[in-house]
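S.K.: In mature numbering (1 follows the signal peptide of the UniProt record, and there is no 0), the protein residues as written are -27 to -1, 1 to 400.
1) Indicate, with yes or no, if the ligand MG has a heavy atom lying under 7 Å from the CB of residue 263.
2) Can you say whether residue 344 is buried or exposed, counting buried as having 16 or more other CB atoms within 10 angstroms of its CB?
3) Please work out which residues of its chain come closer than 8 Å, Cβ to Cβ, to residue 4, disregarding the five sequence neighbours upstream and downstream, and give them in chain order.
4) Run the CB neighbour count on residue 1, radius 10 Å, all protein chains shown included, and call it buried at 16 or more, exposed below.
5) Can you list, in chain order, the residues of its chain whose CB lies under 6 Å from that of residue 261, leaving out five sequence neighbours each side?
6) Can you list, in chain order, the residues of its chain whose CB lies under 8 Å from that of residue 286, leaving out five sequence neighbours each side?
7) So, residue 300 versus residue 326, is the Cβ gap smaller than 8 Å?
8) Using a Cβ-Cβ cutoff of less than 7 Å, which residues in the same chain neighbour residue 329 once the five nearest sequence positions on both sides are dropped?
9) Residue 396 and residue 380 - do their beta-carbons sit closer together than 8 Å?
10) Compute the distance between the beta-carbons of residue 291 and residue 219, then report whether it is under 8 Å.
11) With a threshold of 16 other CB atoms inside 10 Å of the CB of residue 101, please say whether the residue is buried or exposed.
12) On a CA-only basis, which of 245, 93, 119 is nearest residue 196? Give me that one, please.
13) So, is residue 99 buried or exposed, given that buried needs 16 or more other C-beta atoms within 10 angstroms?
14) Measuring only the C-alpha atoms, how far is residue 383 from residue 162?
15) Within the chosen definition, does the region 85 to 92 reach the region 103 to 119 through at least 3 CB pairs nearer than 8 Å?
16) Which one or two residues does DSSP pair with residue 50 in a beta bridge?
17) Whole beta strand (DSSP E) runs in the region 252 to 276 with 3 or more residues, listed along the chain?
18) Would you mind stating whether residue 125 and residue 187 have Cβ atoms separated by less than 8 Å?
19) Using only the alpha-carbon positions, how far apart do residue 281 and residue 226 sit?
20) Quick one: what does DSSP say residue 344 is sitting in, helix, strand or coil?
21) Restricting to runs no shorter than 4 residues, where is the alpha helix (DSSP H) found entirely within the region 174 to 222?
22) Within the region 86 to 137, note down every full beta strand (DSSP E) run reaching 3 residues or more, in order along the chain.
23) Among the residues of its own chain, which have a CB less than 7 Å from the CB of residue 172, if the five just before and after it don't count?
24) Whole angstroms is fine: what's the gap from residue 364's alpha carbon to residue 313's?
25) Would you say residue 84 and residue 62 are within 8 Å of each other, going by their C-beta atoms?
26) Can you tell me whether residue 376 is helix, strand or coil according to DSSP?
27) Would you mind sorting residue 393 into buried or exposed? The rule is 16 or more other CB atoms within 10 Å of its CB.
28) Given that a residue counts as buried once 16 or more other Cβ atoms are within 10 Å of its Cβ, and exposed if not, what is residue 411?
Okay, structure coming up:
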């Protein structure tokens, strides 16, 4: 098909590209056809709707205008010097009110609730997570929900007033991971809050409509928690936990607790969660009364594993969901997991770690890792809407956007007792 495009008119190229995109052909030829189409015609633009789907729209279509009277847009910033401050952010209130900055396929979301993730605190304190380095003024935040307040005329899936959760990525729709449905591996992804892409801790954000998921009358707090729930669901899907599996969850932070809820809903039994904090383990017990809690004490990975198995009443876990990324915890998980079992690592850690390789080898322990998520948000919404997963108790502290610095200090302080801190803006 691509070989024909140089000899086609713009209209013929348009039709041929649509056929390739909608009805078949390899990802390679779809991408080539789209590239050729762009070189043949300037009267249309290709708007990504979803992996494998495109909409071809006039480039001169006027943007929507809201006409709203809005407060100034502000955002929460950090930088390589580890400063944290609030300042003006894009898009401006004036451009939002006029709809002048909206691109085809985009909507403007008034952000109502944003959760502070451990990665946000890490970017602030350490300035990097592995190869992801803060190199300039950088807006944090990627767990958000809010209201649609402006819609580009090209968007038909959303309208002003819709409540949405924002999936914080923009993908290329052209690389192999995108074209095979694994868009979390997009080679050209713009993931909001990962440097240099600004995050969602702002009053207003322009974002592709395809990545704004309707949440109906779900609370904004729960809507913003769909992001960490998606992390846990991605792990559950790939770990392939089965009903009745003995499951160990390492770490009772927000991701560990959401993973605990997912494992409990999936029928894990027995179910054990570990942490070094007694207060977090007590919170886990309140969240899931049937879970067995185990406090990690100083010691070798092998001794820690023996104590964990004892907490299981002698049953070795078939699956360990490791949610800390800490070397000692990963090592203990490998020692504890049964022959032929799996250690699934959700947590993010150092660039390089040491693990008990021979223990994993002679016990045939599979070690699997995860990077973000893909195709999880609709499932996450259904689980929360139906009450299968109850996220409502995870938010322990709430701050207005103007008090975001205090919110970050609370989230970073182990003595605060915070589980999930949210920053909210309802004006």
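Backbone N, C-alpha and C define an ideal beta-carbon position, used for all residues, glycine too.
M.R.: This is what the structure holds:
1) Ligands displayed in this structure: none; no statement on the ligand MG is therefore possible.
2) With fewer than 16 other Cβ atoms within 10 Å, it is exposed.
3) Because the pLDDT at residue 4 is just 43, under 50, the model does not fix this residue reliably, and the point stays unresolved.
4) With a pLDDT of 39 at residue 1, under the threshold of 50, the predicted position of this residue should be treated as unreliable, and no value is reported.
5) Same-chain partners within the cutoff: 233, 237.
6) Excluding five sequence positions before and after residue 286, the CB atoms of its chain that fall closer than 8 Å to its own CB belong to 243, given in chain order.
7) Between residue 300 and residue 326, the gap from beta carbon to beta carbon is short of 8 Å.
8) Result list for residue 329: 274, 304, 307, 308, in chain order.
9) Contact flag set, yes.
10) Result yes, Cβ atoms of residue 291 and residue 219 sit closer than 8 Å.
11) Burial state of residue 101 is exposed, judged by a 10 Å Cβ sphere holding fewer than 16 other Cβ atoms.
12) Comparing Cα positions, the closest option is 119.
13) Answer is exposed; the Cβ neighbour count stays below 16.
14) Spanning the two alpha carbons is a distance of roughly 31 Å.
15) Yes: at least three Cβ pairs fall under 8 Å.
16) Under DSSP, residue 50 takes part in a beta bridge, and its partners are 58, 112.
17) Unbroken beta strand (DSSP E) runs of no fewer than 3 residues, entirely contained in the region 252 to 276, are found at 265 to 268, following chain order.
18) For the 8 Å CB-CB criterion, residue 125 and residue 187 do not form a contact.
19) Spanning the alpha carbons of residue 281 and residue 226 requires a straight line of approximately 18 Å.
20) In the structure shown, residue 344 sits in coil (DSSP, three-state: anything other than H, G, I, E or B).
21) Along the length of the region 174 to 222, whole alpha helix (DSSP H) runs at least 4 residues long occupy 193 to 197, 199 to 212, reported in chain order.
22) Here the runs fully enclosed are 116 to 124.
23) Cβ within range, chain order: 112, 113, 114, 115, 165, 166.
24) So the alpha carbons of these two residues sit roughly 33 Å apart.
25) Taking 8 Å as the Cβ cut-off, residue 84 and residue 62 do not qualify as a contacting pair.
26) Helix, per DSSP.
27) Looking at its Cβ environment, which holds 16 or more other Cβ atoms inside 10 Å, residue 393 is buried.
28) The requested residue 411 does not occur in the structure, where the chain is confined to residues -27 to 400.
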